[in-house]
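In the order they appear, the protein sequences are chains A and B.
According to the numbering used here, the first sequence is numbered sequentially starting from 4.
According to the numbering used here, the second sequence is numbered sequentially starting from 4.
Glycine included, C-beta positions come from ideal geometry on N, C-alpha and C.
Treat the numbers as computed from the prediction; the structure is a model and nothing was measured.
Protein chains: 2
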Amino acid sequence: MRRRTGRRPGNPDTRAAILEAARAAFAERGFDAASIRSIAAAAQVDPALVHHYFGSKDQLFLAAMEAPVDPREVLPKVLTGDRERVGERLVRTFLGVWDSPAGAAGLALLRSAVSNEWTARLVREFLTTQVLRRVLDHLDIDPAELPLRGSLVASQLVGLAMMRYVVRLEPVASAAPETLVATIGPTVQRYLTGDLST
Amino acid sequence: MRRRTGRRPGNPDTRAAILEAARAAFAERGFDAASIRSIAAAAQVDPALVHHYFGSKDQLFLAAMEAPVDPREVLPKVLTGDRERVGERLVRTFLGVWDSPAGAAGLALLRSAVSNEWTARLVREFLTTQVLRRVLDHLDIDPAELPLRGSLVASQLVGLAMMRYVVRLEPVASAAPETLVATIGPTVQRYLTGDLST
Numbered sequence: 004m005r006r007r008t009g010r011r012p013g014n015p016d017t018r019a020a021i022l023e024a025a026r027a028a029f030a031e032r033g034f035d036a037a038s039i040r041s042i043a044a045a046a047q048v049d050p051a052l053v054h055h056y057f058g059s060k061d062q063l064f065l066a067a068m069e070a071p072v073d074p075r076e077v078l079p080k081v082l083t084g085d086r087e088r089v090g091e092r093l094v095r096t097f098l099g100v101w102d103s104p105a106g107a108a109g110l111a112l113l114r115s116a117v118s119n120e121w122t123a124r125l126v127r128e129f130l131t132t133q134v135l136r137r138v139l140d141h142l143d144i145d146p147a148e149l150p151l152r153g154s155l156v157a158s159q160l161v162g163l164a165m166m167r168y169v170v171r172l173e174p175v176a177s178a179a180p181e182t183l184v185a186t187i188g189p190t191v192q193r194y195l196t197g198d199l200s201t
Numbered sequence: 004m005r006r007r008t009g010r011r012p013g014n015p016d017t018r019a020a021i022l023e024a025a026r027a028a029f030a031e032r033g034f035d036a037a038s039i040r041s042i043a044a045a046a047q048v049d050p051a052l053v054h055h056y057f058g059s060k061d062q063l064f065l066a067a068m069e070a071p072v073d074p075r076e077v078l079p080k081v082l083t084g085d086r087e088r089v090g091e092r093l094v095r096t097f098l099g100v101w102d103s104p105a106g107a108a109g110l111a112l113l114r115s116a117v118s119n120e121w122t123a124r125l126v127r128e129f130l131t132t133q134v135l136r137r138v139l140d141h142l143d144i145d146p147a148e149l150p151l152r153g154s155l156v157a158s159q160l161v162g163l164a165m166m167r168y169v170v171r172l173e174p175v176a177s178a179a180p181e182t183l184v185a186t187i188g189p190t191v192q193r194y195l196t197g198d199l200s201t
């Protein structure tokens with residue numbers, strides 16, 4: 004492994020090189036197969052420096068894809084509590100993030116995923132490894148059903164973001180969050196815990 | 004109104020000029036306010052030529068936004084029949100269009116709407132004037148509830164297209180259409196005819 008002595012810790016170029024190598028690795032090989040070691044090698048830095056800058060592989064991934072939120076912070080609030088209301092809590096939390104300053108980053112990510120295959124892959128890895136796995140840890144869902152349930156939830160929530168923030172179709176665009184919680188919450192609940200009758 | 008004598012009927016430039024003027028008019032002023040007369044004036048042609056090339060204002064609009072399908076052909080099949088299965092029929096028809104060669108045009112439109120405010124406006128006008136109004140004509144829905152019901156349906160279907168064709172999240176990406184009809188159909192049904200408890 005080479006290491007450029009010209010790159011000092013704290014050097015913005017070094018951070019940028021690590022993030023670029025991480026984006027490429029996560030998009031090409033997926034979250035699980037991409038190692039910190041290989042990313043460090045591609046960025047020509049010591050793996051310890053990657054850990055120093057970004058912490059865990061999870062954190063490096065969130066930084067590389069410019070994730071608007073850290074699911075480890077948000078998801079426990081959604082998943083803890085009455086199991087029959089997890090759909091409502093998920094829609095409420097989702098809208099809370101999108102209606103906050105983080106929403107601009109979410110919109111940028113959505114725009115990029117639609118036009119760029121690599122970003123689409125990162126979003127896919129994000130949903131699978133950062134969100135759905137944690138849902139499995141908290142809710143009592145048959146692991147065999149989780150991928151379908153999870154991707155159905157994603158279809159409804161990403162579509163909600165598209166209509167509310169991109170296409171801006173009324174009245175969804177300016178509806179009070181609780182209107183959407185009441186109408187879309189039961190959909191998400193059914194996708195997560197209901198009978199899908201497939 | 005000026006008319007360029009250099010523009011002959013059948014001239015591709017004339018068609019392109021009309022379509023460009025139509026896109027601008029529909030995006031800026033909306034479908035209802037944009038007239039064939041004003042579009043013809045902007046394109047510097049006679050209104051009769053616009054009718055000759057494109058037929059009705061509906062047809063001009065579909066051509067201008069490069070709509071993958073004509074809702075007047077597709078919707079009657081969806082809306083006619085057992086009212087309690089309209090959700091399933093809508094999902095089945097939607098997937099049939101997207102899985103057909105027309106899907107490429109749909110994907111191009113989706114990509115453009117996400118990055119381009121004008122296309123987003125055209126998609127909004129399309130959903131409102133070409134799709135939702137016709138749903139109202141066929142289903143017995145309270146007109147006051149139609150906009151919310153329609154935009155909820157749009158959120159689920161556009162999100163389905165995003166996950167299946169853009170982000171390609173499995174298993175939604177390669178699921179058999181009937182799996183998605185069975186799981187997402189009831190959502191669309193509830194949005195259209197069910198109790199939304201708002």
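- Message: So Arg127/A contacts chain B; which residues on that side make the cut at Cβ distance below 7 Å?
- Response: Close to Arg127/A, with beta-carbon spacing below 7 Å, are these residues of chain B in chain order: Val170, Arg171 and Leu172.
- Query: Thinking C-beta only, is Val191/B closer than 8 Å to Leu93/B?
  - Reply: yes
- If contact means a Cβ-Cβ distance below 7 Å, which residues of the stretch 102 to 127 of chain A contact chain B? Leu113, Arg114, Ala116, Val117, Ser118, Ala123, Val126 and Arg127
- Task: Classify Phe34/A as helix, strand or coil using the three-state DSSP reduction.
- Result: coil
- Return the Cβ separation of Thr193/A and Leu125/A in integer angstroms, given the expectation that the two are a contact with Cβ distance under 8 Å. In the sequence under discussion, the amino acid at residue 193/A is Arg, which differs from the Thr named in the question. With a beta-carbon spacing of about 28 Å, Arg193/A and Leu125/A fall beyond the 8 Å limit used to define contacts.
- Message: Please report whether the beta-carbon of Gln180/A lies at a distance below 8 Å from any beta-carbon of chain B.
- Response: Rather than Gln, the amino acid found at residue 180/A in this sequence is Pro. No - not a single Cβ of chain B is within 8 Å of the one on Pro180/A.
- Query: Would a C-beta distance cut-off of 8 Å place Arg152/B and Leu183/B closer than the cut-off?
  - Reply: no
- Can you tell me which of Glu23/B, Arg88/B, Glu91/B and Ala66/B puts its alpha carbon nearest to the alpha carbon of Ala108/B? Residue Ala66/B is the option with its Cα nearest to Ala108/B.
- Checking contacts by CB at 8 Å: is Gly99/A closer than that to chain B? no
- Message: If we define contact as Cβ-Cβ less than 8 Å, is Thr190/B a contact residue for chain A?
- Response: yes
- Would you check if there are 3 or more beta carbon pairs closer than 8 Å linking the stretch 148 to 166 of chain A to the stretch 175 to 182 of chain B? yes
- Item | Gly197/B to Asp143/B span [Cα, whole Å] | 12 Å
- Message: If the criterion is Cβ atoms closer than 8 Å, does the pair Ala43/A and Asp49/A meet it?
- Response: yes
- Message: Out of Leu22/A, Ala51/A, Ala28/A and Glu76/A, which one is the CA nearest neighbour of Val134/A?
- Response: Glu76/A
- Closest by CA to Arg18/A, which one among Ala30/A, Arg32/A and Ala45/A? Ala45/A
- Query: So the alpha helix (DSSP H) Asp140/A belongs to, where does it begin and stop?
  - Reply: Arg136 to His141
- Do the CB positions of Phe129/A and Ala70/A come within less than 8 Å of each other? yes
- Going by the beta-carbon positions, is the gap between Ala116/A and Val170/B smaller than 8 Å? yes
- Name the residue from Met68/B, Leu22/B, Ala28/B and Glu31/B whose alpha carbon lies nearest to the alpha carbon of Val53/B. Leu22/B
- Rounded C-beta distance between Val72/B and Val89/B? I'm assuming under 8 Å. That belief does not hold up - the Cβ atoms of Val72/B and Val89/B are roughly 18 Å apart, past 8 Å.
- Can a CB atom of chain A be found closer than 8 Å to the CB of Met165/B? yes
- Per-residue DSSP class, three states only, for Trp179/A: Checking the sequence shown, residue 179/A turns out to be Ala, not Trp. Secondary structure of Ala179/A (DSSP, three-state): coil.
- Message: Once DSSP output is grouped into helix, strand and coil, what is the label at Ala70/A?
- Response: coil
- Item | CB contact check: Thr96/B to chain A, cutoff 8 Å | For Thr96/B, the answer is no, since every Cβ of chain A falls outside 8 Å of its Cβ.
- Residues from the stretch 65 to 94 of chain B in contact with chain A, defined by Cβ distance under 8 Å: none
- Query: Would the beta-carbon of Arg199/A fall within 8 Å of that of Thr186/B?
  - Reply: It should be pointed out that residue 199/A corresponds to Leu in this sequence rather than to Arg. Going by C-beta atoms, Leu199/A is nearer than 8 Å to Thr186/B.
- Query: Counting contacts by CB-CB distance shorter than 8 Å, is Val138/B in contact with chain A?
  - Reply: no
- Message: Closest to Gly106/B by C-alpha separation, out of Asp16/B, Pro189/B and Leu163/B, would be which residue?
- Response: Leu163/B
- Query: Out of curiosity, what's the CA-to-CA distance linking Ala28/B and Ala37/B?
  - Reply: 6 Å
- Counting only runs that start and end within the stretch 104 to 135 of chain A, where is the alpha helix (DSSP H) found for 4 or more residues in a row? 105 to 118 and 120 to 128
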